[in-house]
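What follows is one structure encoded as structure tokens, with my remarks underneath.
Residue numbers (my numbering), protein chains in the order written: chain C, 131 to 461; chain Y, 9 to 580; chain U, 212 to 543; chain W, 543 to 892; chain G, 16 to 424.
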């Protein structure tokens, strides 16, 4: 089956006064129709930037998509003109952002902001759009949707705003929904509601979802495939069970170890990754994880490990010594 | 203050004849807007636009003091007497003649008959009595409490019982009798002042306190009628077709306010206005060169001077004063800042005023001599600090300067430009340079704005050298010298604490002497006396220049500061 | 280790209301934000007491009020037997030696215009008469303790990463060797891999220095990881207080249960198989908390009683406190 | 909203009292006697005294302590300030000391001139400043942006009196295109309705009048508009740039909206909020800042008038005009706040 | 095969950036900004020429007078008509305009510096304290000071009426006593009553010394003062009152206020400095207050309180250094404004006293010669004003970008 999204050697940079920030350094992968992909990594690993690059929402300047291809539905998004790209955004690919507090325009009603996309992409008139907006709000679980339509964002709580954002994203039935840390700013109980909602909607509507997060716990329960990113590279990719149960990369291993588990025994120590992520302006020549890695050998210092296949072609890892780590990460 | 609109019957007749012969059949008035568009050459404008630096204060002449008010009231209202054109001699106006009795305490005035106010009421003895009683009695219903009849008080000694005019009696409809408490030598000159122009009683009764304001307007007998007053912008008067002296040729005068000197001159050059007074000296040269402009000067009835504060020990030494006198380059100052229309002064009285003493020999400009004198006086290294002689108090009675205080030698300059002082600030700067060169290390000092300056001067608080001047009100020498120095034996703090018993005595003699020749001799004597004492340094008399468009003729300039606009005509 | 006589801090009926003013001419006091509404608990010497709850539950206010950074509206804080409210300004200043705080935002809690050295030595400047040299030595020692290069004393906070800055904050808190450190969400703004570093450091320091922590966080699993006992707060009130295992194994309050079930589990099998208790709706405003039980708007087992009567905060089983009318049903 | 406006109006009262008090304090402190100022060189002591008496200038400024010590409670309050305040309560600004006519009368004639000038200047600065600011924010770091930034800094740095002089030099002296001063040429009559000449001439269909008035107002309005234009352009630009960084702009773009829609629908309304404050401040400043412009262009408004009145110690005028300007300033502030409420649904005033 | 154990690895330091303070950082950003460097250049040129000429190219304006060369147009070479070079021409008194423009710079610089210092010192301090005490509770001694001053201020009216100046000290004492009294936790109503009575006695008794009516009036005043003093007033009050005063100053049109102040103080460059300085106070007060309010929300201020640092230390070590950026920018732009305002005052004849060269006054004096063609006497002083002001504005703008890119004025 033709993949829905296929990214090939995407590189994104930012030109700052301190130097060139190499945010995304040659990312390649593809996504199937209806697939739920989790993109995991810490801040500055390029996970959001690569998503914004797909949407071509990088501010240029200072940003620049240096090279790569993003094939979506048979078209290279990077080659589309602005107008065509505009029609991809919102209609084919929709996005939900991290901070629901600031992602809705405070001076327009929620209803207006939802209808805007409907009127643009679906060529609905105002009444149809309103009608559809009520349906959408109801769909994402906002009670009294009709009344809420005329509310301003500040009259919504954080969770409700994120629901409204999702409703907005779903308005044109996109083929791909990119959720960029949509629950990070929310409380755990609300987070659970949102995850539940997205999982439900994904199953109902059959769209593909790219869920970006720093929390390995969140994607564990919903993703089919996981990309682990570090310093602008995908360092491990595989289906969800492989990533958690047969961790191949020391970084992924470290990430998992850093998380306390709710049912852990008393006295358990967390396993921390020493040091800090590298400076994206001044990336090392070899493996970006080299200085923090307890498995490092000289080869790692000088040779950048490519994403290589493990025994399963579905599970790839960018580490010279993955075979030695294989299985150690099983918890 | 002292710019008055006067004219004489002689002048009137002469000019009227000229006018009538010059342009016999007039085209009827056109409604073409003058100045706004270029009228075809054949059609001359009928509206004369005069540009001025400030608006009138009010148009009731009895209660105002500023020239810009009189400039307008002079067109609308007339007094019983007026000044002869180009001089200060009083000649009849609304009165046909006024005859005194032997000791000059009773004057009988015969009024002009058939004259009507602009509101249609008759001018007669009742109107005259009404006006004089209004001015004189503080209890008069139209002697409004909000108004100050300043000049009546100043010229006639006071109100009510203090007034020197003790009675104004209607003899018949066109005869009025004035009774004075004492002989008053300048009585006719006083009567001719613009302030004592006669208003329509009916108009005053109708307008009440608003008389003379933009809403109340003003009603007189003059050649122009008040039409409208746009506060801060313009006053419009229309020709009085029924004027007893004959209707003016122009149909309308607009007095426009253009506060800025440059802008006013530019407006004149552009043809937006037709005349202005008191141009910047530098503009005069360009006006002279401009064939479209003509300059007319108002004969000088003013004097500018540099005064000493005699409460300063150093200035009590005549050698120091003399040194100052020799330090100043009067010629240079006058020619540079008054322009060629200024005259160097050596008397307080301008040449125009009788009593002027031409025999006085002016001080020479001689910085070397200055230094010598200063050295003789005990200041070989020059003078940069002076000593207060006696305590000086302010208006509230607080001591501002204490006896023995040392203060820097100051030269106070006026913060404003006055007609007698076209460029006070520059004169101050130049004079400071003169004085510095002669060993006086003066510090130019700005006391504050004009009211502050005047207030300080009244209280003798201008402790140093200071600039000021005087413009005459009625051409009588007492209005100059007498005003200043006729105090008693006390030092006059208003005049820089000057004290001269001999001078005061002479001035008192002159005031009560009805014999003009005798008075003239006394005033000439006082001029010499003041010169010998180096009491003040007279700087200049300014023949105030007015610039007109060359299209305008017939303007008559008056020393007292008034304007004849009724003879104005436009020529191609 | 945790016995009654080793109580370090007693919080008794603590209330902290932030007044809201309104009015035409004179500002009238119309209402309060009831950030902390009548809570009581003890902190034992050497333990870590976890304080967990969602946004707006008042957990940060509790921490700040214990340090008297906010004046309590009512109630007592007894620290080492001394009621802090009775202390004058100078005595309170002396008292501050014994209790310190680590803040949430490592970017905002360090003065960007001061060097690391002067930030860490600030408590020493205030409370000790040590000379420059002594202070310098002490600062370098502290930097070593928290795992930073002592040569960095003259650097500025912005030259450090978030985790390093939090270490600087810890060093500052340690400078006066306090008895109690209130950790106010010290890891919530750090990356996952750095969180573990800081938590490990805190645990290690506690062992070495015998510190007492009040550890405030919204992340239940992290709080459970580090604490001996846990307090669960909701809307200014304590819902449940118990030992870490007790609360995990036998949560008595429906809110605790829901909170626990909402915690993400980094294990696909477990995550997909567990039964979630999904709470409906949002947290009410602390200005107008619901009548009766604060949790009644979202509680899956709320009854009529819950909408009328504020449940008593009681010790249902030994050392297990809970504020719920219906907690009994959960005792297994 | 009504309550809020009421509340704001009430809160203005102490400020206004403060304003009147300060005006009075200055009156007491500034040397120079109105009577002397009015009478000039020829003043006699008696006249000075009489005028002081007439205008109550010999009364104590605030309270008569001596009267109180003598047991006279009413005399205690008979002070210049109380008299003034009492008049104010009756909406009477008093009479000019020099001209002896009601201040209100002159004010009603002169204020429209200043209002017209200030309004037109504000319009100019809005019409230029806003689009330029938006455009340079939308095309950040472009040539247009550079020109705007430098140009606006030059505008802010411009001494307006100098600019006015230069305008006159160019357009009046050298080119002779525009009149150097005044509001209207002599002879042009515009039937007054609002006393705003441009408006009145349009209302009465007086086209030559309109053209003439426009010619007169052009130079002063441009001079006066320079600084506000520059400030508004800068403010709009920086505010737009801030807003364009916001997440909701990204959301709007992600929806697929065209750049134009994002810019004008989503960014502008938000960016306008801080700009309103600046516009409000500028509106207040324009009215007051007219002193210099009016002086140079002989504009018969209140700026020059009040300046002369300060120098002439004509206190009732100074008090009246200052009070008027202060009230307008406070009103403008109120309007700004209300527009905030209208534009920004987050703000609720209750 | 290595075991993963954090204890084995020493902590590696990643101080990513090189060592430099925020100020140094800002300086780098500044010199990278071409426009700011242009501004810096203009400002430096202006300061250099002004001060160098002041000290090394002596000029005595008092004796500078030469009628023979008055109003000469600019000439770059000596000709028969113009025996000396005047690159900017001469003015009415034959003075070289170039020389006066250069020396006028010294005055403009002084005006700018002094008036900004006045605004900054008074406004900045008021704003600083207002913001500080609005966000941080006053301690005992601060409250004592505040209430003492409040008593002093409120009592002065009554003291003035009765002409018993010791009264203000009594009221001041009453204010201080109120702070102490509040510790005794008397009920609110009792306290207000007690202080009202005390105030009435303080005012009334000393008023009675003058006369019965004076006693009555002062008693009433004292009653009111006592009732106010009885309340537990704190930093909010201080801030409110300060800011209300600033509102009052702000609601005056700035030029008119400056003119009025000059009319009050008398003319002169120094008086102009004061006037411009006073007019600028509210700007700095508001700026400082809002900056303090935002800084004091920062956790490091809370941290300082938690450590037990004194208010003075918090203010000067934590708050002041962090509000300096906007203050520096505003001051630079304020310098530009002050030069502009001084020129405006000079233009109106209220600035420097002649013959002292000052740009605005030169412009104002020469303006009237424009119609006779002396454009140079107007052009050059005007250009000098504009360029120096522009220089400071460019620099200020660059400083803002360098110090705090998010800030705006």
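From the three backbone atoms N, C-alpha and C, an ideal C-beta is built for every residue, glycine too. Note that the structure is a prediction, hence the values are computed from the model and not measured.
Item	Value
Proximity winner among 153(C), 164(C), 159(C), relative to residue 335(C) (alpha-carbon distances)	164(C)
Residue 207(Y) beta carbon less than 9 Å from that of residue 370(Y)	no
Collapsed DSSP secondary structure at residue 101(G) in the structure displayed	strand
Residue 589(W) - containing alpha helix (DSSP H), residue span	587-596
Residue 139(C) - DSSP class collapsed to helix/strand/coil	strand
Sequence ranges, beta strand (DSSP E) only - wholly within the region 151-179 of chain C, length at least 3	166-170
Residue environment, residue 179(G), which counts as buried when at least 16 other CB atoms sit within 10 Å	buried
Residues that residue 821(W) contacts on chain G, provided the C-beta gap is smaller than 7 Å	Here the premise fails: no neighbours, minimum Cβ distance about 15 Å.
Whole-angstrom distance between residue 398(C) and residue 341(U), CA atom to CA atom	40 Å
Cβ pair residue 377(C), residue 367(C) closer than 9 Å	no
Nearest-angstrom Cα separation, counted from residue 381(G) out to residue 395(Y)	36 Å
Opposing strand residues paired with residue 416(Y) [DSSP bridges]	393(Y)
Residue(s) in a DSSP beta bridge with residue 366(C)	358(C), 447(C)
Whether residue 404(G) touches residue 363(G) by CB criterion (9 Å)	no
Contacts of residue 327(U) in chain G (Cβ-Cβ under 8 Å)	The premise fails here: residue 327(U) is roughly 10 Å from chain G at the closest Cβ pair, so nothing lies under 8 Å.
Contact list for residue 441(Y) against chain G, beta-carbon separation under 8 Å	77, 78, 79, 80, 108, 370
Reference residue 143(G); option with closest CA among 331(G), 61(G), 409(G)	331(G)
Close-in-space but distant-in-sequence residues of the same chain around residue 264(G) (CB under 6 Å, 5 per side omitted)	297
Within 9 Å, strictly: CB atoms of residue 377(G) and residue 129(G)	no
Own chain, CB closer than 8 Å to residue 176(G), minus 5 neighbours either side, in chain order	222, 229, 232, 233, 236
Residue 210(C) at chain W interface by Cβ criterion, 9 Å	no
Among 445(U), 430(U), 388(U), 406(U), the one whose alpha carbon lies nearest that of residue 419(U)	388(U)
CA-to-CA distance, residue 352(U) to residue 549(W), given in whole angstroms	58 Å
For residue 270(G), the first and last residue of its enclosing alpha helix (DSSP H)	269-280
Selection of the region 599-619 of chain W by Cβ proximity to chain G, strictly under 8 Å	605, 607, 610, 611, 612, 613, 614, 615, 618
Any chain C beta carbon closer than 9 Å to residue 885(W)	yes
Below-9 Å beta-carbon distance, residue 688(W) vs any chain C residue	no
Simplified DSSP assignment, three categories, for residue 888(W)	coil
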